[in-house]
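So the structure is just underneath, and the comments pick up after that.
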Amino acid sequence: MVPTPSLAVRPATVADAEAVSDLVHSAYRSEESRRGWTTEADLVGGRRADAAMIRHVVGLADAVVLLAEDDAGAPFACCHLERREDAAYLGMFAVRPTAQGRGVGRGMLDAAEAFARDRWRATSLQITVLNHRPELQAWYERCGFTLTGERYDFPYDDERFGVPRRPDLALLGMVRPVRPASARTA
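Numbering (this note's numbering), first residue to last: -14 to 171.
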């Protein structure tokens, strides 16, 4: 088993908003996304998150966008965490397609978990996954997440989240307990 790489991450700032938006778009909805396995371009069009959305999230008291950059300072992975009582909601989780398949996602997940545990004392991580993304759901299950049975309507009336390309989209809730600092994703 290949060990999960340890990533150096930092909280994104307002100045990072455009770069984070571009990274998320590259991982999910761009032509570049088709080179990786996280593409949802056939399900939803448009941008997944615009720079204004990122600036808003960065300014929230109980939220953070974590960013991993290469040696040249170019972002290659990110995620949004939002504090929800004793849990942390993980969203906008993106790895540049050219960096996928190397353990970067698991490393980013470890960093997000450490932040949620150490800063917020979160006891669980919560996510939502598009119902038509079984391969993504399976990846999260391999990372210890389980389906909660919760199903949420896709925000069809809010183009900030993209333009749906099918009428039957929904978001499925998943959760995993936050592990102690001594445990890491294998």
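Even glycine gets a Cβ: it sits at the ideal position worked out from N, Cα and C.
Counting every other CB atom within 10 Å of its CB across the protein chains shown gives ALA123 a total below 16, marking it as exposed. Straight-line measurement puts the Cα of THR(-2) at about 25 Å from the Cα of SER109.
The C-beta separation of ARG151 from LEU28 comes to about 6 Å, placing the pair in contact by the 8 Å criterion. About 6 Å separates the beta carbons of MET77 and ALA34, which is inside the 8 Å limit, making them a contact pair. Secondary structure note for ASP95: its alpha helix (DSSP H) is the uninterrupted segment 89 to 105. Here LEU(-8) has ALA53, ALA62, VAL89, GLY92, MET93, ASP95, ALA96 as same chain residues with Cβ atoms under 8 Å from its own Cβ, once five neighbours each way along the sequence are excluded. Here HIS65 is bridged, per DSSP, to VAL50, GLY76. Per DSSP, the unbroken beta strand (DSSP E) holding ARG(-5) starts and ends at -6 to -4. Here VAL5 is buried, its C-beta having at least 16 other C-beta atoms within 10 Å. In this structure PHE130 does not touch LEU51 by the C-beta definition: roughly 18 Å separates them, more than the 8 Å allowed. Looking at the DSSP output, PRO162 bridges to SER109. Comparing C-alpha distances from ARG145 to each of VAL9, GLY31, PRO(-4) shows the shortest one belongs to GLY31.
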